[in-house]
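Chemist:
Number of protein chains: 2
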Amino acid sequence: MTALAAAPGGGARATTREDWLDVALALLARRGAGAVSVLTLSERLGVSRSSFYWHFRSREGLFDALLERWDARNTRSIVRQAEAEAATITESVCNVFRCWVNPALFSPRLDVAVRAWARASDTARARLDAADRERTAAIEAMFARHGFAPDDAMVRARVLYTMQIGYYALDMREPIAARLALAPRYLETFTGVKPRDQEVAALRAYALAHAAVQDFEDPS
Amino acid sequence: MTALAAAPGGGARATTREDWLDVALALLARRGAGAVSVLTLSERLGVSRSSFYWHFRSREGLFDALLERWDARNTRSIVRQAEAEAATITESVCNVFRCWVNPALFSPRLDVAVRAWARASDTARARLDAADRERTAAIEAMFARHGFAPDDAMVRARVLYTMQIGYYALDMREPIAARLALAPRYLETFTGVKPRDQEVAALRAYALAHAAVQDFEDPS
DNA sequence: GGCCGTCTAGACACCCTTGTCCAGTCCCGC
DNA sequence: GCGGGACTGGACAAGGGTGTCTAGACGGCC
Numbered sequence: 001m002t003a004l005a006a007a008p009g010g011g012a013r014a015t016t017r018e019d020w021l022d023v024a025l026a027l028l029a030r031r032g033a034g035a036v037s038v039l040t041l042s043e044r045l046g047v048s049r050s051s052f053y054w055h056f057r058s059r060e061g062l063f064d065a066l067l068e069r070w071d072a073r074n075t076r077s078i079v080r081q082a083e084a085e086a087a088t089i090t091e092s093v094c095n096v097f098r099c100w101v102n103p104a105l106f107s108p109r110l111d112v113a114v115r116a117w118a119r120a121s122d123t124a125r126a127r128l129d130a131a132d133r134e135r136t137a138a139i140e141a142m143f144a145r146h147g148f149a150p151d152d153a154m155v156r157a158r159v160l161y162t163m164q165i166g167y168y169a170l171d172m173r174e175p176i177a178a179r180l181a182l183a184p185r186y187l188e189t190f191t192g193v194k195p196r197d198q199e200v201a202a203l204r205a206y207a208l209a210h211a212a213v214q215d216f217e218d219p220s
Numbered sequence: 001m002t003a004l005a006a007a008p009g010g011g012a013r014a015t016t017r018e019d020w021l022d023v024a025l026a027l028l029a030r031r032g033a034g035a036v037s038v039l040t041l042s043e044r045l046g047v048s049r050s051s052f053y054w055h056f057r058s059r060e061g062l063f064d065a066l067l068e069r070w071d072a073r074n075t076r077s078i079v080r081q082a083e084a085e086a087a088t089i090t091e092s093v094c095n096v097f098r099c100w101v102n103p104a105l106f107s108p109r110l111d112v113a114v115r116a117w118a119r120a121s122d123t124a125r126a127r128l129d130a131a132d133r134e135r136t137a138a139i140e141a142m143f144a145r146h147g148f149a150p151d152d153a154m155v156r157a158r159v160l161y162t163m164q165i166g167y168y169a170l171d172m173r174e175p176i177a178a179r180l181a182l183a184p185r186y187l188e189t190f191t192g193v194k195p196r197d198q199e200v201a202a203l204r205a206y207a208l209a210h211a212a213v214q215d216f217e218d219p220s
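Chain order of the listed sequences is A and B. Numbered according to full-length UniProt numbering, the first sequence spans residues 1 to 220. Numbered according to full-length UniProt numbering, the second sequence spans residues 1 to 220.
1. If you compare alpha carbons, which of A:60, A:108, A:142 is closest to residue 123 (chain A)?
2. On the premise that residue 138 (chain A) lies in contact with residue 78 (chain A), defined as a C-beta separation below 8 Å, what is that separation, rounded to the nearest angstrom?
3. Whose C-beta lies closer than 7 Å to the C-beta of residue 203 (chain A) among residues of the same chain, with five residues either side of it excluded?
4. Would a C-beta distance cut-off of 8 Å place residue 25 (chain B) and residue 74 (chain B) closer than the cut-off?
5. Of all the options A:205, A:116, A:154, A:16, which has the alpha carbon lying nearest to the alpha carbon of residue 179 (chain B)?
6. Using the Cα positions of residue 151 (chain A) and residue 46 (chain B), report the straight-line distance between them to the nearest angstrom.
7. What's the gap between the Cα of residue 22 (chain A) and the Cα of residue 53 (chain A)?
8. Going by CA-CA distance only, name the one from A:168, A:210, A:196 that's closest to residue 30 (chain A).
9. Taking only beta-carbon atoms, is residue 34 (chain B) less than 8 Å away from chain A?
10. Exposed or buried, residue 20 (chain B), counting other C-beta atoms within 10 Å across all chains shown (16 or more means buried)?
11. Under DSSP, the alpha helix (DSSP H) around residue 121 (chain B) begins and ends at which residues?
12. Is it true that the CB of residue 38 (chain A) sits closer than 8 Å to the CB of residue 28 (chain A)?
13. When you compare the CB positions of residue 67 (chain A) and residue 114 (chain A), do they come within less than 8 Å of one another, or not?
14. Just the Cα atoms here: how many angstroms apart are residue 157 (chain B) and residue 192 (chain B)?
15. I think residue 136 (chain B) touches residue 161 (chain B), with their Cβ atoms under 8 Å apart; what is that distance to the nearest whole Å?
16. Would you mind working out which of B:159, B:208, B:205 sits nearest residue 186 (chain B), comparing C-alpha positions?
17. If the criterion is Cβ atoms closer than 8 Å, does the pair residue 33 (chain B) and residue 116 (chain B) meet it?
18. In terms of residue numbering, what span does the alpha helix (DSSP H) encompassing residue 210 (chain A) cover?
19. In chain B, which residues lie with their C-beta within 7 Å of the C-beta of residue 159 (chain A)?
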């Protein structure tokens, strides 16, 4: 997706719609909506600007597709993780927690960027609200499955989800070790149950395996 | 600040630096950084665009001043509320809670907008991080004063502050009554102590007195 | 009254961006 | 081999943004 031959004509590998979306998503996540210009995208793809208009009707069309993909990836991941089977509530929360730490499941920066951009657009706002409702509903159901009373499940789901969004909105820059040290306490805050050593160890192992990626800042 | 006579020359009331900042802050909070253009501001003030450059060196200079005022208002409010005297931890948390519900103390939309914008700028980012550290430190100290162990205070401060930021990042639109119904449960999550009826009643009264403002959407 | 400092309007140059148009190049099926 | 569809490059117009410059109006101070 990055190193395309810039030969004129379709001789070399041509860009696909997906390529444009990839670059746009990365740019949106790192530099915000304002930085997503057709020119910038085409330069990153090593391709002419007009190529863009073959794949997309307009810049707005790109953002529509962007929102679609954001929803499909980020929201789906959360829902799937919340619905995963687990013996204890702590284990369930850890499942959701995997979204926060594994870039393959969830892109925090993208989520924040989409949120910041969608605030201006009414149609995007509606979609965003729907996504948030879907996410919290899934987490709420997760708590309910583990026997929490309806409104208790609701508050716990909100605390969990809202706090995580806030964490990314703050965009704290602290080493993974510092974050992990607090994990057991956070878990207990969410579940109301003291996590077992075995559960904490599993979470720590998973986090360490994936979070290294987020400790680097790409200069793009 | 809104109805300025547009008479040529300084004959009528002239705009002040504060006027520009007021309008810019309002616009930033409601439409995001991209919407804050010199032209838009001047139109809202009923004044020529070039007037802007008498008050500010450049558009960037405006944003510097904006950040300054945002910090002075929003951050100061939180710190002051966190440092206010209170008999119980619940009461202390309620004090901070006043920021979230009283527009005179804290502007959530502005906070979110500044956050979204500052992400792109390095200097603004540094300032933002400093503000967040100051806020959480004040809340952490608040918990510590009520006898919480150091790292317990730290986690509780983070849960409280991070969750609130997340709440505004989500920008949930729900009636004040629904929010208030959950307030006691949230309080207990933050403090670990069941709030007394009297404390809940005081919080509810305060919230009802101020939150009506936020139930309206201004069309600007 | 004269003058200076404050404040404003309008014109201008310049840049960046979007969206369109057209000529042209390549792959692929026939 | 060839013709059409997929795909790209460069030129173009139009709009909106910033920042500068100049001419000038007004209030207050001397």
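All C-beta atoms, glycine included, are put in the ideal place defined by N, C-alpha and C.
Modeler: In terms of the structure at hand:
1. A:60
2. 7 Å
3. 94, 97, 183
4. no
5. A:154
6. 51 Å
7. 16 Å
8. A:168
9. yes
10. buried
11. No alpha helix (DSSP H) holds residue 121 (chain B); DSSP gives it neither H nor E.
12. no
13. yes
14. 12 Å
15. 5 Å
16. B:159
17. yes
18. 197-211
19. 163, 189
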